[in-house]
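**Q** Chains as they are written, first to last, in numbering that gives the first Met the number 0: chain B, 0 to 253; chain Y, 0 to 253.
There are 2 protein chains.
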Amino acid sequence: MQQNSNFSRRKNNCSSCSLRESCLPVGLEEDEINAINFLINRSCKIRRGSYLYQAGMDFQSLYIVRSGFFKTYVLHEDGREQVTGFHMPGEMLGLEAISTDVHTCHAVALENSEICKIPFTRLEEIGRVIPSLMHHFHKIMSREIAHNHEAIASLGGMKARERLIALLLNLSNRFAKLGHSSSNFSLCMTREEIGSYLGLKLETVSRAFSKLQNDGLIKINSKSVQLNNISWLKQSKLGNYNVAKEIIEGTELQ
Amino acid sequence: MQQNSNFSRRKNNCSSCSLRESCLPVGLEEDEINAINFLINRSCKIRRGSYLYQAGMDFQSLYIVRSGFFKTYVLHEDGREQVTGFHMPGEMLGLEAISTDVHTCHAVALENSEICKIPFTRLEEIGRVIPSLMHHFHKIMSREIAHNHEAIASLGGMKARERLIALLLNLSNRFAKLGHSSSNFSLCMTREEIGSYLGLKLETVSRAFSKLQNDGLIKINSKSVQLNNISWLKQSKLGNYNVAKEIIEGTELQ
DNA sequence: TCGAAAATTTGGTCCAGATCAAAATAAAAC
DNA sequence: GTTTTATTTTGATCTGGACCAAATTTTCGA
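1) Is His-86(B) close to chain Y? Criterion is C-beta to C-beta, closer than 7 Å.
2) Which residues in chain B have a C-beta closer than 8 Å to the C-beta of Ser-195(Y)? List them in chain order.
3) What residue does the alpha helix (DSSP H) around Val-128(B) start on, and which one ends it?
4) Whose Cβ in chain B lies nearer than 8 Å to the Cβ of Ile-164(Y)?
5) Tell me which same chain residues have a C-beta within less than 7 Å of the C-beta of Glu-192(Y), skipping the five on either side of it?
6) With distances taken between CB atoms, is the gap from Gly-48(B) to Asn-111(B) smaller than 7 Å?
7) Using a Cβ cut-off of 7 Å, which residues of the stretch 110–140 of chain Y contact any Cβ in chain B, in chain order?
8) Can you give me the C-alpha to C-alpha distance between Phe-208(Y) and Val-73(Y), rounded to a whole angstrom?
9) Our contact map puts Tyr-50(B) next to Ala-106(B) with C-beta atoms below 8 Å; I'd like the distance itself, whole angstroms only.
10) What span of residues does the beta strand (DSSP E) with Leu-168(Y) cover, start to end?
11) Report yes or no: is there a C-beta of chain Y within less than 7 Å of the C-beta of Cys-22(B)?
12) Would you verify that the beta carbon of Leu-94(Y) is, or is not, closer than 7 Å to some beta carbon of chain B?
13) Of the residues that make up the stretch 41–64 of chain Y, which ones have a beta carbon closer than 7 Å to any beta carbon in chain B?
14) With distances taken from CA atoms, which of Glu-90(Y), Gly-155(Y) and Glu-143(Y) is nearest Leu-64(Y)?
15) Using the rule of at least 16 other Cβ atoms within 10 Å of the residue's Cβ for burial, across every protein chain shown, is Asn-147(Y) buried or exposed?
16) Thinking C-beta only, is Arg-41(Y) closer than 7 Å to Ser-98(B)?
17) Ser-153(B): buried (16+ other C-beta within 10 angstroms of its C-beta) or exposed?
18) Just verifying my parser: in three-state terms, what is the DSSP assignment at Phe-68(Y)?
19) Please classify Asn-213(Y): does DSSP put it in a helix, a strand, or coil?
20) For Ile-193(B), report the span of its alpha helix (DSSP H) as first-last.
21) Do the CB positions of Ile-164(B) and Lys-236(B) come within less than 7 Å of each other?
22) What's the C-alpha gap between Ser-182(B) and Glu-123(Y)?
23) Please check the pair Ile-229(B) and Ser-185(B), which I expect to be a contact at CB under 8 Å, by giving their CB distance rounded to whole angstroms.
24) Specify, as a first and last residue, the run of the alpha helix (DSSP H) that Ile-229(Y) falls within.
25) Can you tell which of Met-87(Y), Leu-199(Y), Lys-233(Y) and His-75(Y) has its C-alpha closest to the C-alpha of Ile-114(Y)?
26) Sorted by chain position, which residues of the same chain lie with C-beta nearer than 8 Å to Phe-136(Y)'s C-beta, five sequence neighbours on each side aside?
27) In the DSSP assignment, the beta strand (DSSP E) including Gln-225(Y) goes from what residue to what residue?
28) Compute the distance between the beta-carbons of Leu-61(Y) and Ile-117(Y), then report whether it is under 7 Å.
29) Output the boundary residues of the beta strand (DSSP E) element that contains Leu-51(Y).
30) Is His-86(B) helix, strand or coil when you go by DSSP?
31) Note down the Cα distance separating Glu-80(Y) from Gln-234(B), rounded to an integer number of angstroms.
32) Looking at Leu-109(B): is its Cβ nearer than 7 Å to the Cβ of Met-56(B)?
33) Using the Cα positions of Val-128(Y) and Lys-222(B), report the straight-line distance between them to the nearest angstrom.
34) What residues match up with Cys-43(B) in a beta bridge as DSSP calls it?
35) I need the boundaries of the beta strand (DSSP E) containing Ser-185(B), first residue and last residue.
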């Protein structure tokens, strides 16, 4: 079988693949580990700016981001791009395509990235013999749904400033989970992409950043952001701006 | 076993349950049919206004709407209600809770409804021996994700009028799939709930309805809607209002 | 069936964010 | 390193939809 040869050749080339490393329950048998290695040991590099998949393409595989950063987007009927998500290492892409066997959005690397490819049919097969793997997959899909609900709530109920703060806090959490700093990170998307995701124009995003910086809540230098105090930000997001301001003025920033 | 007695007692009381009826691949063995009956033969009635589940409750089961109509919503930190979806017969509720084993949103019946309860652990067990059932479940979750992407795109990139048209067309499709009229149906949510879902205030929703009616695209009578011509609506949603208007004025409406 | 409460419509005012414009930076190509 | 191109910032104006208010209609409980 062609897959068997792949398996032996690529046995160890996907060591940071998070499906195995950080998400699976421990206590698996060696056979099971081998099966999972077989499943996920197909990694490849995607250069900044290239597509992992495009809307309309046949669905075969899911992907886990190993390193780098992706955005997904759909096109409005008039051709405008609508960003539907940003995706960091450890996160899964392609889930929306299972229902129709066709991808319904575009996935582009925002920086040079690596992904693990997971043939979906095989995931279902192996999941049948490793229930904890299947259950884990269900959690991943569910998390995606929960996360979408948050995005809908953000778009539907918040003002520009609040949406931007919500995004910053969300990214901060996700970086923290990867073991990176939760207060200093680099945005690898443009203001326009942020705006598209948040339902705002790029000028509004830029102004909101400037305002947050003037208020002493963040520091921005083009792509790099520093969150001065995450709990102030949370306060400020609640519209409880005066509280945040008092705290700020009462303490560090003169 | 208590479930076995349930099973025999309720053998045939879930005949319209769509997981079995309209969604499963045909060609199952009798054993498999029995297993699925066992899985889904737990129906119950939910009165208009009562909760199917609430945020914070432990997750045990998924639910399929058999009849009626539900909304799901989350609460913003300040207590405002943010509607995250409307749910019609055949659709599944509770998917967002798998990831944390806790429900993260509230589900309320908007009219007297019936649901099938599906214990999730059992779904995973039976899915292991009936792969087509499991695959079907994956498609359902995936469809939910794809649908959320649409909602995000609608909120992020459309104006009030377009969002409302998008919702009407979406409901129209879903009613059609249930075998109901795609052009005449009854909204069982309030303007405020529509507004919350679409990121608009109720007054804006009301004005948008009035405007669409004046333009001859729809007819509304409090809760009941009639779509005069679905392709005009689609045109009009594309911002191509003049085309729609020309068509309208050139034909039926004087 | 009637009266109270809830939902909807419609009118007016105001403001957050869109849009238009132009300068200032940063990134990419040569 | 220099030019070119893309991105970001900032300013000025305009507008869609929020917000406030009141009249009207619908729904529902007694």
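For each residue, glycine too, the CB sits at the ideal point set by N, CA and C.
**A** For this structure:
1) Within the first sequence, residue 86(B) is the residue found at index 87, counting from 1. Judged by the 7 Å Cβ criterion, His-86(B) is not in contact with chain Y.
2) Translated into positions along the second sequence, residue 195(Y) becomes position 196. The answer, in chain order, is Gly-155 and Gly-156.
3) Locating residue 128(B) in the first sequence gives position 129, where the first residue counts as 1. Per DSSP, Val-128(B) belongs to the alpha helix (DSSP H) from 119–128.
4) The sequence position of residue 164(Y) within the second sequence is 165, counting from 1. Ordered by position in chain B, no residue passes the 8 Å Cβ test against Ile-164(Y), which lies about 12 Å from the chain.
5) Walking along the second sequence from the start, residue 192(Y) turns up at place 193. Only Lys-70 and Val-82 meet the Cβ criterion.
6) Position 49 of the first sequence, counting from 1, holds the residue named residue 48(B). Position 112 of the first sequence, counting from 1, holds the residue named residue 111(B). Cβ distance not < 7 Å, so Gly-48(B) and Asn-111(B) don't count as in contact.
7) Glu-123, Arg-127, Pro-130, Met-133, His-134, His-137, Lys-138 and Met-140
8) Taking the first residue of the second sequence as position 1, residue 208(Y) is located at position 209. Taking the first residue of the second sequence as position 1, residue 73(Y) is located at position 74. Between Phe-208(Y) and Val-73(Y), the C-alpha separation is close to 25 Å.
9) If you number the first sequence from 1, residue 50(B) lands on position 51. If you number the first sequence from 1, residue 106(B) lands on position 107. The pair is a contact, with the Cβ atoms about 7 Å apart (cut-off 8 Å).
10) Within the second sequence, residue 168(Y) is the residue found at index 169, counting from 1. Element bounds for Leu-168(Y): not the beta strand (DSSP E) but the alpha helix (DSSP H), 159–176.
11) Against the first sequence, residue 22(B) aligns to sequence position 23. Legend: pLDDT at Cys-22(B) = 47, less than 50; position of this residue unreliable, value from coordinates given subsequently. Not an interface residue.
12) Here the question's residue 94(Y) lines up with position 95 in the second sequence. True, the Cβ-Cβ gap to chain B drops below 7 Å.
13) none
14) As a working note, residue 64(Y) is residue 65 in the second sequence. The identity of residue 64(Y) in the sequence shown is Val, whereas the question assumes Leu. Out of Glu-90(Y), Gly-155(Y) and Glu-143(Y), Glu-90(Y) has the C-alpha closest to the C-alpha of Val-64(Y).
15) Position 148 of the second sequence, counted from the first residue, corresponds to residue 147(Y). Classification of Asn-147(Y): buried, given that the 10 Å Cβ count is 16 or more.
16) Indexing the first sequence from 1 puts residue 98(B) at position 99. Indexing the second sequence from 1 puts residue 41(Y) at position 42. Contact: no.
17) Here residue 153(B) is taken as the residue at index 154 of the first sequence, counted from 1. Counting Cβ neighbours within 10 Å, Ser-153(B) comes out buried, since at least 16 surround it.
18) For this step, residue 68(Y) is matched to residue 69 along the second sequence. Looking at Phe-68(Y) - three-state DSSP - the assignment turns out to be strand.
19) Here residue 213(Y) refers to the residue found at position 214 of the second sequence. Reduced to three states, the DSSP call for Asn-213(Y) is helix.
20) Walking along the first sequence from the start, residue 193(B) turns up at place 194. First-last of the alpha helix (DSSP H) with Ile-193(B): 190–197.
21) Taking the first residue of the first sequence as 1, we reach residue 164(B) at position 165. Taking the first residue of the first sequence as 1, we reach residue 236(B) at position 237. Yes, Cβ-Cβ distance for Ile-164(B) and Lys-236(B) is below 7 Å.
22) Counted from its first residue, the first sequence places residue 182(B) at position 183. Counted from its first residue, the second sequence places residue 123(Y) at position 124. Approximately 39 Å between the Cα atoms of the pair.
23) Here residue 229(B) refers to the residue found at position 230 when the first sequence is read from its first residue. Here residue 185(B) refers to the residue found at position 186 when the first sequence is read from its first residue. Not a contact, Cβ separation roughly 17 Å.
24) In the second sequence, counting from the first residue as 1, residue 229(Y) sits at position 230. 229–236 is the span of the alpha helix (DSSP H), which, as asked, contains Ile-229(Y).
25) Looking up residue 114(Y) in the second sequence gives position 115. Selected option, being the one with the closest Cα: Met-87(Y).
26) As a first step, residue 136(Y) is located in the second sequence; it is residue number 137 there, counting from the start. If we look at Phe-136(Y) and ignore the five residues flanking it on each side, its Cβ neighbours are Leu-122 and Gly-126.
27) Position 226 of the second sequence, counted from the first residue, corresponds to residue 225(Y). Here the beta strand (DSSP E) through Gln-225(Y) covers 223–226.
28) Counted from its first residue, the second sequence places residue 61(Y) at position 62. Counted from its first residue, the second sequence places residue 117(Y) at position 118. Against a cut-off of 7 Å, the Cβ pair of Ile-117(Y) and Leu-61(Y) comes out as a contact.
29) Counting from one through the second sequence, the residue named residue 51(Y) turns up at place 52. Element bounds for Leu-51(Y): 50–52.
30) Here residue 86(B) corresponds to residue number 87 of the first sequence, with the count starting at 1. Here His-86(B) sits in strand by DSSP.
31) On the second sequence, residue 80(Y) is found 81 positions in, with the first residue counted as 1. On the first sequence, residue 234(B) is found 235 positions in, with the first residue counted as 1. One C-alpha to the other measures close to 19 Å.
32) Locating residue 109(B) in the first sequence gives position 110, where the first residue counts as 1. Locating residue 56(B) in the first sequence gives position 57, where the first residue counts as 1. Contact flag unset, no.
33) Position 129 of the second sequence holds residue 128(Y). Position 223 of the first sequence holds residue 222(B). Approximately 50 Å, taken between the alpha carbons.
34) In the first sequence, the residue the question calls residue 43(B) occupies position 44. According to DSSP, Cys-43(B) bridges with Ile-114(B).
35) On the first sequence, position 186 is the one that residue 185(B) refers to. It spans 183–185 - the beta strand (DSSP E) in which Ser-185(B) sits, taken as one unbroken run.
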